[in-house]
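Since the structure comes first, as structure tokens, the remarks are kept for the end.
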Amino acid sequence: MPPIVKVSHLDKYFGRLHVLHDVSLEVQPQEVVCLIGRSGSGKSTLLRCINFLEEPSAGTVEVDGLSVAAEWKGRQRRQLVHDLRLRTGMVFQEFNLFPHMTVIENVIEAPVTVKNMEKDKAIALGEKFLEKVGLMAKRDEYPARLSGGQKQRVAIARALGMEPKVMLFDEPTSALDPELIGEVLEVMKALAREGTTMLVVTHEMGFARDVADRVVIMYEGELIEQGPPSQIFGAPQDPRTKVFLERYRAS
Amino acid sequence: MSTALPTPGQPKTQSQLIFEAQERVKRNFQMGVTASWIILLAILLFLFSGTKFTLGGFELKTIHLDTAFIGENATFIAGGVWETIGISALSIALATILALLAALGRLSPFPPIYSVCTFYVSLIRGTPLYLQIFFFFLALPQLGIVLPGLWAGTFALGLNYGAYMSEIFRAGLSSVGKGQREAALALGMTPTQMMTRIILPQALRFAIPPTGNEFIAMLKDSALVSATGFVHELMWRATKVGRAKFHNLEALIIAAIFYWVMTLLFSALQSRLEARLSRGER
Ligand SMILES: Nc1ncnc2c1ncn2[C@@H]1O[C@H](COP(=O)(O)OP(=O)(O)OP(=O)(O)O)[C@@H](O)[C@H]1O
Ligand SMILES: [Mg+2]
Chain A
1 MPPIVKVSHL DKYFGRLHVL HDVSLEVQPQ EVVCLIGRSG SGKSTLLRCI NFLEEPSAGT
61 VEVDGLSVAA EWKGRQRRQL VHDLRLRTGM VFQEFNLFPH MTVIENVIEA PVTVKNMEKD
121 KAIALGEKFL EKVGLMAKRD EYPARLSGGQ KQRVAIARAL GMEPKVMLFD EPTSALDPEL
181 IGEVLEVMKA LAREGTTMLV VTHEMGFARD VADRVVIMYE GELIEQGPPS QIFGAPQDPR
241 TKVFLERYRA S
Chain B
1001 MSTALPTPGQ PKTQSQLIFE AQERVKRNFQ MGVTASWIIL LAILLFLFSG TKFTLGGFEL
1061 KTIHLDTAFI GENATFIAGG VWETIGISAL SIALATILAL LAALGRLSPF PPIYSVCTFY
1121 VSLIRGTPLY LQIFFFFLAL PQLGIVLPGL WAGTFALGLN YGAYMSEIFR AGLSSVGKGQ
1181 REAALALGMT PTQMMTRIIL PQALRFAIPP TGNEFIAMLK DSALVSATGF VHELMWRATK
1241 VGRAKFHNLE ALIIAAIFYW VMTLLFSALQ SRLEARLSRG ER
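Read top to bottom, the protein sequences are chains A and B.
1 is the number of the first residue of the first sequence in my numbering; add one for each residue after it.
1001 is the number of the first residue of the second sequence in my numbering; add one for each residue after it.
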């Protein structure tokens, strides 16, 4: 089967700062890939280049057969980027729920406005995803009245509502109080079990070890090592990976 | 607050006692303020009551107002209240539209649009409101453009307030975080959908209370259009009867009372609106 995500020779500069160095990465259907690495190594930037929230400076991003090259310009590209975003769902560290909408309105907003889905159908679909993240009871609440963990679960339901081909998670539990991390990770685990294709930037090593099919180590804008979690955590090859993991265990 | 309710049969806890003491201080202060306001009002009334009294051997008299004049003209002046509210409401509506356009235009990457907006704001803020009003009433007719009084007033006030209020909407737009834009884009929204569905609703909500304040300011600034003689609002009516019978003191006092009461009423309305909007917020 062809990969769902195929990032080829991606480079990204912020001004003169070279943040991504010739990064190539594939994610297979139903695969869960965890991207880990030091702060500032470029994990978020890579994730955000996949749905063009950040403009790659060079290289190609392909999602479910649709590819967009960094150098393409103009109207046609805009359409392609839009289609690319429909194929990806993103979950942010800071949730970014729409505060002026209730939980269910958050979930159906994009299906209705972007996909022109009928409202009844969108609601039925939205309720299905709220059920999945265990928040049907909060259907008509405003985000302000939810805990951080609940907010993030709604954000996951909102992204799922667009029925993307791949879910991108950017440190989904880093803004949460420790006691709320578990409920979000449980939801992500359930998604993984159901065969959702996921690319997850995380500092939760336990999650990576238990759930990931593959762990990718990023270091100063390069992917330096990847493999199954048992290999990465058990017998890392690259000395920089060893240092990173040891420092992690120490803290 | 639950801490304020002592459980029957149990001594009050320290936190209850502190809470009650704080509440007492607050209550006393409020009562003091109310009493002082009543006294100040009474002094003001006394000052204008025309009372004769002796103080240290001097025969003194407070200001005398002609009650007959007041009785005859109060209704005429009061008729201006609706015109004042009307022109203020029309002007604030125009100002809101202009301010929103100007604020959105300033986000445009297209230089002509950006420039039109900054040009407008700069021109209006760089000249006096009084001049702008006369421009619409007196200068435009010279070019053969004669607007009905109400419209000329509305354009002048609306244009002027629009320039100042564009800052409110700019602040409203920038109060919506970057994360909101990113979430909208990541869901596949177009920039227009993002603006109308996500950014504007939040920005407008942010802008409602300050717009209310502008309306209250407008109620008073609308008095300036009286100078042109074409809009028969409160101030125009007060100066008309005041000058005719040389009772400007009484006429202006009547107008002042109406302005003050209007301001108080709309301010009260405004705080209730604000309280309602802030409920269910983040
Ligand atoms: N918008 C931007 N403008 C300029 N520099 C940026 C921008 N975004 C990120 N950077 C820089 O790019 C580098 C990579 O940042 P990135 O956010 O991708 O790292 P990260 O691996 O996600 O780190 P963290 O674990 O702290 O989230 C950093 O040096 C950061 O300062
Ligand atoms: Mg990051």
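Just so it is clear, CB atoms sit at the ideal spot from N, CA and C, and this is done for glycine as well.
- Within chain A, no C-beta atom comes less than 8 Å from the C-beta of Ala1207 (chain B); the nearest is roughly 13 Å away.
- Along the length of the segment 25–51 of chain A, whole beta strand (DSSP E) runs at least 3 residues long occupy 32–37, reported in chain order.
- In the structure shown, Arg139 (chain A) falls within a coil segment according to DSSP collapsed to helix, strand and coil.
- The C-alpha of Ala1099 (chain B) lies about 8 Å from the C-alpha of Glu1167 (chain B).
- Using a 10 angstroms sphere on the CB of Pro111 (chain A), the tally of other CB atoms reaches 16 or more, which defines it as buried.
- Two segments are said to touch when three or more pairs of C-beta atoms, one from each, lie closer than 8 Å; by this definition the segment 1214–1226 of chain B touches the segment 1153–1164 of chain B.
- Contact with chain A is absent for Arg1024 (chain B), since none of that chain's Cβ atoms lies less than 8 Å from the residue's Cβ.
- The segment 1102–1116 of chain B makes no contact with the segment 1255–1272 of chain B: fewer than 3 CB pairs, one atom from each, lie closer than 8 Å.
- Here the alpha carbon of Ala1089 (chain B) sits roughly 13 Å from the alpha carbon of Ala1156 (chain B).
- Proximity of Gln1016 (chain B) to chain A, defined by a Cβ-Cβ separation below 8 Å, is not satisfied.
- Per DSSP, reduced to three states, the secondary structure at Gln237 (chain A) is coil, with no helix or strand assignment.
- Rounded to the nearest whole angstrom, the C-alpha separation of Val166 (chain A) and Glu105 (chain A) is 22 Å.
- Straight-line measurement puts the Cα of Ala157 (chain A) at about 21 Å from the Cα of Ser44 (chain A).
- CA-to-CA, the gap between Trp1037 (chain B) and Phe1029 (chain B) works out to about 12 Å.
- Each of A:Pro178, A:Val187 and A:Asp170 was checked against the Cα of Val154 (chain A), and the nearest Cα belongs to A:Val187.
- In this structure, DSSP gives Arg1106 (chain B) a state outside helix and strand, which the three-state scheme calls coil.
- Residue-level contact check: Asn116 (chain A) does not touch chain B, since none of the beta carbons of chain B fall below 8 Å from its beta carbon.
- At least 8 Å separates the CB of Phe169 (chain A) from every CB of chain B.
- Annotated as distal: Pro172 (chain A) and Leu97 (chain A), with beta-carbon spacing of 8 Å or more.
- Here Phe1206 (chain B) carries a helix assignment [DSSP, helix/strand/coil].
- Here the alpha carbon of Gln1193 (chain B) sits roughly 16 Å from the alpha carbon of Gly1179 (chain B).
- About 7 Å separates the CB atoms of Glu1182 (chain B) and Phe92 (chain A); that is less than 8 Å, so the two are in contact.
- In this structure, the C-beta of Asp170 (chain A) approaches ligand 2 to less than 7 Å from one of its heavy atoms.
- For Thr1228 (chain B), no alpha helix (DSSP H) segment is defined, and its DSSP state is neither H nor E.
- Shown here, Glu1083 (chain B) sits in a helix according to DSSP, grouped into three states.
- Closer than 7 Å to some heavy atom of ligand 1: that describes the Cβ of Gly42 (chain A).
- Counting of Cβ neighbours within 10 angstroms places Ser24 (chain A) among the exposed residues, the total staying below 16.
- Using beta-carbon distances, Leu1273 (chain B) does not count as an interface residue toward chain A, since no partner is under 8 Å.
- Under the three-state reduction of DSSP, Arg214 (chain A) is assigned to strand.
- Judged by their CB atoms, Ile232 (chain A) and Val215 (chain A) are nearer to each other than the 8 Å cut-off.
- Val91 (chain A) has its CB no nearer than 7 Å to any heavy atom of ligand 2.
- For Val1176 (chain B), there is no enclosing beta strand (DSSP E), as DSSP marks it with neither H nor E.
- The Cβ atoms of Ile1254 (chain B) and Ala1275 (chain B) lie no closer than 8 Å to each other.
- Taking C-beta atoms as the reference points, Arg16 (chain A) and Tyr219 (chain A) fail to come closer than 8 Å.
- The beta carbons of Pro164 (chain A) and Arg87 (chain A) sit about 6 Å from each other, so the pair counts as a contact at 8 Å.
- For the C-beta of Ile1198 (chain B), the chain A residues within less than 7 Å are, from N- to C-terminus, Phe98.
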